[in-house]
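Number of protein chains: 2
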Amino acid sequence: MEDITLEKAAALLLEHDNILILMHKSPDGDTIGSGYALCLALRKAGKKAQAICSDPIPAKYGYITDSIEPQDFEPDFIVSADIAAPQLFGDKLEVYKDSVDLCIDHHGSNTKFAKYSHVEPNAASCAEIVARLIPLLGTEIDAPAADALFTGISTDTGCFKFRNTSADTFRAAAEMIDRGARNYLISTLMFDTKSKAQLELEKRAIETIDYRMDGKIAIITLTTEMMKSTGADESETEYIVSLPRQIEGVMAGVTIKQKGERLCRISVRASDGVDASEICRLFGGGGHKGAAGCSIEASPEETKELIAEAIEKVIGKQI
Amino acid sequence: MEDITLEKAAALLLEHDNILILMHKSPDGDTIGSGYALCLALRKAGKKAQAICSDPIPAKYGYITDSIEPQDFEPDFIVSADIAAPQLFGDKLEVYKDSVDLCIDHHGSNTKFAKYSHVEPNAASCAEIVARLIPLLGTEIDAPAADALFTGISTDTGCFKFRNTSADTFRAAAEMIDRGARNYLISTLMFDTKSKAQLELEKRAIETIDYRMDGKIAIITLTTEMMKSTGADESETEYIVSLPRQIEGVMAGVTIKQKGERLCRISVRASDGVDASEICRLFGGGGHKGAAGCSIEASPEETKELIAEAIEKVIGKQI
Numbered sequence: 003m004e005d006i007t008l009e010k011a012a013a014l015l016l017e018h019d020n021i022l023i024l025m026h027k028s029p030d031g032d033t034i035g036s037g038y039a040l041c042l043a044l045r046k047a048g049k050k051a052q053a054i055c056s057d058p059i060p061a062k063y064g065y066i067t068d069s070i071e072p073q074d075f076e077p078d079f080i081v082s083a084d085i086a087a088p089q090l091f092g093d094k095l096e097v098y099k100d101s102v103d104l105c106i107d108h109h110g111s112n113t114k115f116a117k118y119s120h121v122e123p124n125a126a127s128c129a130e131i132v133a134r135l136i137p138l139l140g141t142e143i144d145a146p147a148a149d150a151l152f153t154g155i156s157t158d159t160g161c162f163k164f165r166n167t168s169a170d171t172f173r174a175a176a177e178m179i180d181r182g183a184r185n186y187l188i189s190t191l192m193f194d195t196k197s198k199a200q201l202e203l204e205k206r207a208i209e210t211i212d213y214r215m216d217g218k219i220a221i222i223t224l225t226t227e228m229m230k231s232t233g234a235d236e237s238e239t240e241y242i243v244s245l246p247r248q249i250e251g252v253m254a255g256v257t258i259k260q261k262g263e264r265l266c267r268i269s270v271r272a273s274d275g276v277d278a279s280e281i282c283r284l285f286g287g288g289g290h291k292g293a294a295g296c297s298i299e300a301s302p303e304e305t306k307e308l309i310a311e312a313i314e315k316v317i318g319k320q321i
Numbered sequence: 003m004e005d006i007t008l009e010k011a012a013a014l015l016l017e018h019d020n021i022l023i024l025m026h027k028s029p030d031g032d033t034i035g036s037g038y039a040l041c042l043a044l045r046k047a048g049k050k051a052q053a054i055c056s057d058p059i060p061a062k063y064g065y066i067t068d069s070i071e072p073q074d075f076e077p078d079f080i081v082s083a084d085i086a087a088p089q090l091f092g093d094k095l096e097v098y099k100d101s102v103d104l105c106i107d108h109h110g111s112n113t114k115f116a117k118y119s120h121v122e123p124n125a126a127s128c129a130e131i132v133a134r135l136i137p138l139l140g141t142e143i144d145a146p147a148a149d150a151l152f153t154g155i156s157t158d159t160g161c162f163k164f165r166n167t168s169a170d171t172f173r174a175a176a177e178m179i180d181r182g183a184r185n186y187l188i189s190t191l192m193f194d195t196k197s198k199a200q201l202e203l204e205k206r207a208i209e210t211i212d213y214r215m216d217g218k219i220a221i222i223t224l225t226t227e228m229m230k231s232t233g234a235d236e237s238e239t240e241y242i243v244s245l246p247r248q249i250e251g252v253m254a255g256v257t258i259k260q261k262g263e264r265l266c267r268i269s270v271r272a273s274d275g276v277d278a279s280e281i282c283r284l285f286g287g288g289g290h291k292g293a294a295g296c297s298i299e300a301s302p303e304e305t306k307e308l309i310a311e312a313i314e315k316v317i318g319k320q321i
């Protein structure tokens with residue numbers, strides 16, 4: 003439960019020889035990039051190291067993961083990368099919940115579940131922190147680690163577009179390219195590749211857009227039928243979730259994803275002046291001002307009316 | 003017709019007091035950002051300066067242009083920003099075709115139409131060059147100029163995703179933020195804002211996708227009817243043009259834009275290993291390996307067959 007500096011974090015890692023790295027469930031580019039880069043650096047420093055995740059790593063990250071051989075060892079130190087809270091460990095890593103030695107993260111909401119924590123809420127990505135940690139281990143960031151870290155930096159900033167993107171983010175990206183990161187390959191895979199299923203889902207998603215409050219609210223609905231008939235998977239809905247807020251004049255963009263007959267997961271994206279987390283807290287969810295989420299036990303149609311009504315109230319108050 | 007260094011370009015500018023800056027027709031973020039930043043810097047250096055364009059500057063660039071008052075003067079020096087060839091001057095600037103003193107550009111295809119040229123084909127944007135030119139004028143890049151230059155850098159690299167994006171691109175972006183560029187505002191306006199008309203056009207564009215050669219070719223058709231009924235304008239087709247190449251497995255992505263009953267403009271985007279410019283040269287067009295264009299005098303249906311047949315031959319030969 004102790005907050006420590008990055009130097010102290012490096013010292014702790016160097017004191018141990020068999021280091022297990024945990025990534026969060028439903029892994030994204032930042033937890034994968036941070037976890038694998040740290041693994042590569044620790045191995046370079048002469049340690050045994052392994053990065054593990056409760057869920058399979060999506061195939062599109064193969065350029066990071068393919069060259070890393072698994073190592074078998076009894077861990078004497080456990081570090082988590084980009085994990086804000088124990089409920090993000092996932093079923094398979096549940097067992098490590100109370101035994102994390104070091105937590106490296108950039109979420110302001112981090113619950114400080116580890117023995118030692120190094121959390122930088124101002125860092126746009128966990129990968130930015132790991133990029134500064136690796137040199138403290140006495141090793142250099144090599145090309146494979148640079149690929150991994152560039153992935154974390156670019157994905158957690160929505161390709162350098164989100165509000166969290168700072169001059170330091172751009173400088174970290176430049177340094178990774180200097181060290182061998184294949185930025186064009188990575189950007190193409192992460193941001194410029196769509197499956198046919200994804201494209202079909204996008205078309206059908208646009209057809210469902212429902213504007214409320216003179217276009218200040220836009221709501222997309224993705225039913226289980228739409229997911230099934232297009233063959234798109236959950237990871238392919240990311241662009242769709244960002245879509246309604248992008249429409250001119252929209253202050254709150256909502257995506258309703260049907261998860262059961264009477265269960266929907268809601269993602270809210272908000273413009274300046276509207277607090278998405280305030281909206282989602284009304285339904286027991288949470289998040290950031292710009293992006294938040296919650297679940298509602300109702301049909302998609304009922305959910306739409308409930309969330310629209312709530313947003314109208316919040317927007318009416320906030321603007 | 004003389005190639006000169008950036009230092010010499012700065013010296014020439016400093017020798018004159020009334021400087022007219024030309025931007026290319028159908029202005030994009032790079033010509034606008036470069037032109038206006040140079041204008042601001044020259045005024046700061048005590049000159050009269052004005053940036054002009056044959057076409058109106060789209061309203062979305064208002065955050066750059068709104069604060070710049072017009073100045074009235076008789077120019078004694080004419081400089082062009084981001085203009086590769088005289089046919090890009092447009093009708094209103096036609097009159098300056100043979101009297102450009104200095105050309106600042108980053109297109110390898112630059113025809114060297116000016117008395118003096120400074121062309122850097124390796125620069126991802128003209129704005130990157132202007133960012134290095136301004137300090138040579140003895141002035142600093144202030145926040146409004148940083149906004150303009152960040153716009154050029156980010157738009158000409160497709161938000162830091164295109165192949166031309168280098169470590170230097172990221173460093174230039176970082177420097178602009180340090181100098182006051184509002185990167186979040188700019189990225190939102192340039193890359194995360196869509197009109198309802200644009201979204202409707204996207205949906206209809208996806209409906210037209212025609213796959214050929216087992217999905218190696220994807221062709222989108224935008225008819226004049228589609229443009230008219232959705233109300234979308236030409237500048238709103240940019241995302242659509244990039245779409246077909248993004249589809250998994252597609253090596254050549256084609257967008258056919260109907261311009262008349264028997265006239266189509268074709269944009270080709272190609273993956274590694276396929277040369278889009280070779281395809282477009284078959285129809286009298288040209289461009290780069292990754293992106294090229296041409297016109298065909300035929301109906302959209304005939305155009306599709308002609309271009310598909312040509313691409314099948316070129317892909318068959320190239321891969």
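Line by line, the protein sequences are chains A and B.
With the first sequence counted from 1, adding 2 to any position gets you the working numbering.
With the second sequence counted from 1, adding 2 to any position gets you the working numbering.
Where a beta carbon is used, it is the ideal one built from N, C-alpha and C, also for glycine.
Here the structure is a predicted model, which means the values were calculated and not measured.
Worksheet item: For D4/B, which three-state DSSP category applies?
Response: As a first step, residue 4/B must be located in the second sequence, where it is residue number 2. Before going further, note that residue 4/B is Glu rather than Asp in the sequence given. Strand at E4/B.
Item to complete: For G37/B, collect the residues of the same chain with a Cβ closer than 7 angstroms to its Cβ; drop the 5 residues on either side in sequence, then sort them by chain order.
Response: Stepping through the second sequence from its first residue, residue 37/B is reached at position 35. These residues qualify, in order along the chain: I23, M25, A53, A83.
Fill in: Sequence-distant residues of its chain with Cβ nearer than 6 angstroms to Y213/A (five each side left out)
As a first step, residue 213/A must be located in the first sequence, where it is residue number 211. The beta carbon of Y213/A sits closer than 6 angstroms to those of A220, all from its chain and outside the five residues before and after it, given in chain order.
Worksheet item: What is the rounded straight-line gap between the Cα of M128/B and the Cα of I309/A?
Response: On the second sequence, position 126 is the one that residue 128/B refers to. On the first sequence, position 307 is the one that residue 309/A refers to. What sits at residue 128/B in the sequence shown is Cys, not Met. Each residue's alpha carbon lies about 46 angstroms from the other.
Worksheet entry | Alpha-carbon spacing of I208/A relative to P246/B, whole angstroms | Position 206 of the first sequence, counting from 1, holds the residue named residue 208/A. Position 244 of the second sequence, counting from 1, holds the residue named residue 246/B. Near 17 angstroms, if we compare the C-alpha coordinates of P246/B and I208/A.
Worksheet item: Taking only beta-carbon atoms, is L201/B less than 7 angstroms away from chain A?
Response: Within the second sequence, the letter at position 199 stands for residue 201/B. So yes, L201/B belongs to the interface.
Worksheet item: With a CB to CB cut of under 6 angstroms and the five nearest residues on each side skipped, what residues in its chain are close to H18/B?
Response: On the second sequence, position 16 is the one that residue 18/B refers to. Result list for H18/B: D78, F79, in chain order.
Item to complete: Measuring only between beta-carbons, confirm whether K291/B sits less than 7 angstroms from chain D.
Response: Checking the listed chains, one finds no chain D in this structure; the protein chains it contains are A and B.
Fill in: Per DSSP, cross-strand counterpart(s) of N20/B
Within the second sequence, residue 20/B is the residue found at index 18, counting from 1. Paired residue(s): K50/B.
Practice prompt. Could you tell me which chain B residues have their CB closer than 7 angstroms to the CB of D180/A, listed as they occur along the chain?
Written response: Along the first sequence, read from residue 1 onward, the residue named residue 180/A stands at position 178. Neighbours of D180/A on chain B, chain order: A169.
Discussion item. Give me the chain B residues within the contact set of R165/A, using Cβ-Cβ distance strictly less than 7 angstroms, ordered along the chain.
Written reply: Taking the first residue of the first sequence as position 1, residue 165/A is located at position 163. Near R165/A (Cβ distances below 7 angstroms), the residues of chain B are Y186.
Practice prompt. Between the Cα of E314/B and those of T210/B, G217/B, C105/B, spot the shortest distance and give me the residue it belongs to.
Written response: Walking along the second sequence from the start, residue 314/B turns up at place 312. It is G217/B whose Cα lies nearest to the Cα of E314/B.
Fill in: Helix, strand or coil at M25/A [DSSP, three-state]
Sequence index remark: in the first sequence, residue 25/A carries index 23 (1-based). The DSSP-derived three-state label of M25/A is strand.
Worksheet entry | Beta-carbon neighbours of T195/B, restricted to chain A and to distances below 9 angstroms | Here residue 195/B is taken as the residue at index 193 of the second sequence, counted from 1. At a C-beta separation below 9 angstroms, T195/B has these neighbours in chain A: Q248, I249, E250.
Worksheet item: Are R267/A and K259/A closer than 7 angstroms when you measure CB to CB?
Response: The residue you call residue 267/A lines up with position 265 of the first sequence. The residue you call residue 259/A lines up with position 257 of the first sequence. For the 7 angstroms CB-CB criterion, R267/A and K259/A form a contact.
Discussion item. Which residue marks the beginning of the alpha helix (DSSP H) containing V102/B, and which one marks its end?
Written reply: Sequence index remark: in the second sequence, residue 102/B carries index 100 (1-based). Secondary structure note for V102/B: it is in no alpha helix (DSSP H), with a DSSP letter that is neither H nor E.
Worksheet entry | Interface flag, I242/A vs chain B, CB-CB below 7 angstroms | Translated into the one-based positions of the first sequence, residue 242/A becomes position 240. Taking Cβ atoms only, chain B never reaches closer than 7 angstroms to I242/A, which makes this a no.
Worksheet entry | Any 3 or more C-beta pairs closer than 8 angstroms across the stretch 128-143 of chain B and the stretch 135-146 of chain A | No: fewer than three Cβ pairs fall under 8 angstroms.
Discussion item. Please identify the residue among T159/B, Y65/B, E236/B, Y241/B whose C-alpha is closest to the C-alpha of D32/B.
Written reply: Looking up residue 32/B in the second sequence gives position 30. Checking every option, the nearest Cα to that of D32/B belongs to T159/B.
Discussion item. Rounded to the nearest angstrom, what separates A43/A and R181/A at their Cα positions?
Written reply: Locating residue 43/A in the first sequence gives position 41, counting from the first residue. Locating residue 181/A in the first sequence gives position 179, counting from the first residue. Looking at the two C-alpha atoms, the distance is approximately 13 angstroms.
Worksheet entry | For D212/A: DSSP bridge partner residues | Residue mapping note: residue 212/A aligns to position 210 of the first sequence, counting from 1. Under DSSP, D212/A shares a beta bridge with I221/A.
Worksheet item: On the three-state DSSP scale, how would you describe S279/A?
Response: Here residue 279/A refers to the residue found at position 277 of the first sequence. Here S279/A sits in helix by DSSP.
Worksheet entry | Residues bridged to V81/B [DSSP beta-bridge criterion] | The residue you call residue 81/B lines up with position 79 of the second sequence. Paired residues: I23/B, L104/B.
Fill in: Selected residue, minimal CA-CA separation from C105/A, among I85/A, F152/A, A147/A, L90/A
Residue 105/A sits at position 103 when you count from the first residue of the first sequence. If you compare the alpha carbons of I85/A, F152/A, A147/A, L90/A with that of C105/A, the shortest gap goes to I85/A.
Worksheet item: What does L258/A pair with, by DSSP beta-bridge criteria?
Response: Position 256 of the first sequence, counted from the first residue, corresponds to residue 258/A. Leu is not the amino acid found at residue 258/A; the sequence shown has Ile there. Paired residues: T223/A, I268/A.
Worksheet entry | Check whether E240/B and Q200/B have beta carbons under 7 angstroms apart | To locate residue 240/B, count along the second sequence from 1; it is residue 238. To locate residue 200/B, count along the second sequence from 1; it is residue 198. No, these two residues do not count as a Cβ contact at 7 angstroms.
Worksheet item: Where does F115/A land, buried or exposed, given buried means 16+ other C-beta within 10 angstroms?
Response: Residue numbering aside, residue 115/A sits at position 113 when the first sequence is read from its first letter. It counts as buried.
Worksheet item: Name the chain B residues whose beta carbon is nearer than 7 angstroms to that of E204/A?
Response: Within the first sequence, numbered from 1, the residue matching residue 204/A stands at position 202. Under the 7 angstroms cutoff, chain B gives I208.
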